[in-house]
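Report on the structure given below.
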Amino acid sequence: MALESELKTLRRILETQLAQLAWKDLARRAPIHTEMLRELTEVGLTPDLAAEVVAAVPAGMELTSARRLTIASIAQRVLVTGDRWLQEGGRIALVGPTGVGKSATLAKLAVRWVLLHGPRDLALVAGDSLRIGAHGEAHSLGQLLGAPVYALEDFGELPDLLARLGRHRFVLIDTPGSSQRDAQLAGRLAALAAADEQIETALVLAASTQAGAVAETVARFAPAKPTSCVLTKVDEAASLGGTLSVLVRSRLPISYVSEGQRVPEDLRPARALELVTSAVQLARTSGAAADEDLLKRRFGEVAHALA
Ligand SMILES: Nc1nc2c(ncn2[C@@H]2O[C@H](COP(=O)(O)OP(=O)(O)OP(=O)(O)O)[C@@H](O)[C@H]2O)c(=O)[nH]1
Ligand SMILES: [Mg+2]
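Here this note's numbering is used: position 298 in the sequence shown is 1073, and no number is missing along the way.
Here's what the structure looks like:
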C-alpha cells in the first residue's frame, strides 16, 4: 500500500514536469497559441473548450486575428433561440433554483408581451401558490396588465388548465424555487414535462453563480428536459466564460438575458457574439490573471496536440 501511494506520488511529479516541459516548448514554438490559452483561461473558459478553440488557430497567425478568430468560434458554439417567445408566444414554464429571478423574468416577459401585442392573448399561471406572498405578486401583475392569473395548488392540475387556456397565445408558468434537498423536485419536474407536449421548460440560471454550481444546476434540472435557459443577473457576474462553457457543453440554448432589476427594461434576447464579447471584456476589466502553474498543469497535456 505504501509503495503504491509512493508510486502514485512519483507519477504525479513526473506528469507535472512533463506538462511543464510541454508548456514551455509550446510557448517557444507557438507563442500566440499559449497567449490565447492564457487569455481564454482568464475569461473563465473550461480547459477543454479553450484547447478546442485554440487548436483551430492556424500557425503563424498574429495575435489580433487570433483573438478575433477565437471569439468568433466560441460564439459559434453558444446556442441561442432568438426572440421567439415575444414574437410568436408559447407555453413556457420557468424552472430553476430559489431566487435566481424566475418571477422577475416572468414579469419582464409579460410586460414586454403586452407592450407588443396587448393583454388579450396572455395568461399567467402561478405554480408558486404554496409560497406566502407569491400569490399576491402574480395577481397584482395580472391586474396591472389586464391578463388572467391562475394559481395551481398542484402541478397535476396543469394539463386541464392548459386545455382551458387554448386560445391564449402566450402562457407563462411560474414555479416555486426548490432547495437542493427538496425530495419532491424530480417528480414535480417530470410531471411538468409530461403534462403537455406544448410546454417548453426554460431553466433560469443566475450568471452571478460560479460555473461549477451552474453545471450542477443544469444536471439537477435535466429531468425537467429544459429546451432553453434564461441567463439572469449578468450585471452581477464576475466572470461569464465558465457559465458559457457549461451551456456550450450541455448544448442548452440561451433564450433571454437579464441584466438588472428593472421591469421590463432589463431583458433582451440572447445574442452569442454579444455574450462572448461581454465575457472577454469582463475578464479585462476585472483584471483576471491566470496563474502560470495552473496553465502548465491544465494545458501541458494538450500542448503536443497544438501547433
Ligand atoms: N441584479 C439583478 N437582480 C435580479 C435580476 N433578475 C432578478 N433579480 C432580483 O433577484 C431577486 C429574486 O428574484 P425572483 O424573481 O423573486 O427570483 P425567483 O427565482 O422567482 O425566486 P423564488 O420564487 O423564491 O424561487 C429579486 O430581488 C430580483 O429583483 C437581474 O438580472 N439582475
Ligand atoms: Mg418566484
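Where a beta carbon is used, it is the ideal one built from N, C-alpha and C, also for glycine. The structure presented is a predicted model; accordingly, all values stated were derived computationally and were not measured.
Straight across, the Cα-Cα distance linking residue 842 with residue 978 is about 31 Å.
With respect to the C-alpha of residue 823, the residue from 1027, 1019, 933 and 984 having the closest C-alpha is 1019. In terms of side-chain proximity, the C-beta atom of residue 951 is found nearer than 7 Å to a non-hydrogen atom of ligand 1. Taking non-hydrogen atoms of ligand 1 into account, the C-beta of residue 979 is found less than 7 Å away from one of them. If you draw a 10 Å sphere on the C-beta of residue 915, you find fewer than 16 other C-beta atoms in it, and that means exposed. In the DSSP annotation of this structure, the continuous segment of the alpha helix (DSSP H) that includes residue 1074 starts and ends at 1067–1078.
In terms of Cα proximity to residue 815, the closest of 1076, 1012 and 1058 is 1058.
Within the segment 901–955, the runs of beta strand (DSSP E) at least 3 residues long that lie entirely inside it are, in chain order, 924–926 and 945–949.
With respect to the C-alpha of residue 1013, the residue from 807, 786 and 819 having the closest C-alpha is 819.
Within the chosen limit of 7 Å, ligand 2 reaches the beta carbon of residue 878 through at least one heavy atom.
Between residue 902 and residue 1008, the alpha-carbon positions lie close to 23 Å from each other. Residue 833 counts as exposed, since fewer than 16 other C-beta atoms from the protein chains shown sit within 10 angstroms of its C-beta. The DSSP assignment places 865–870 as complete runs of the beta strand (DSSP E) inside the segment 835–885, in order along the chain (cut-off: 3 residues). Where residue 1043 is concerned, the enclosing beta strand (DSSP E) starts and stops at 1042–1044. Cα atoms of residue 1063 and residue 981: separation of roughly 20 Å, rounded to the nearest angstrom.
Apart from sequence neighbours up to five positions away, the residues of its chain that approach residue 921 with a beta-carbon distance below 8 Å are 889 and 894, ordered along the chain.
Taking 7 Å as the cut-off, one finds no heavy atom of ligand 1 near enough to the beta carbon of residue 1030. A straight-line Cα-Cα distance of about 16 Å links residue 935 and residue 944. A Cβ-Cβ distance of about 5 Å is found for the pair residue 1065 and residue 813, placing them in contact under the 8 Å criterion.
By the neighbour-count definition (other C-beta atoms within 10 Å, threshold 16), residue 788 is an exposed residue. Residue 975 and residue 867 do touch by the CB rule: their CB atoms are close to 5 Å apart, below 8 Å. If you ignore the 5 residues before and after residue 973, its C-beta comes within less than 6 Å of the C-beta of 866, all in its own chain and listed in chain order. Contact check between the segment 1031–1051 and the segment 870–879: three or more CB pairs, one atom from each, fall below 8 Å, which counts as touching. When the Cα atoms are used, residue 839 and residue 831 turn out to be separated by approximately 15 Å.
Following the DSSP letters along the chain, one finds residue 1025 in no alpha helix (DSSP H), marked with neither H nor E. Secondary-structure assignment with DSSP links residue 975 through a beta bridge to 867. For residue 1014, no beta strand (DSSP E) segment is defined, and its DSSP state is neither H nor E.
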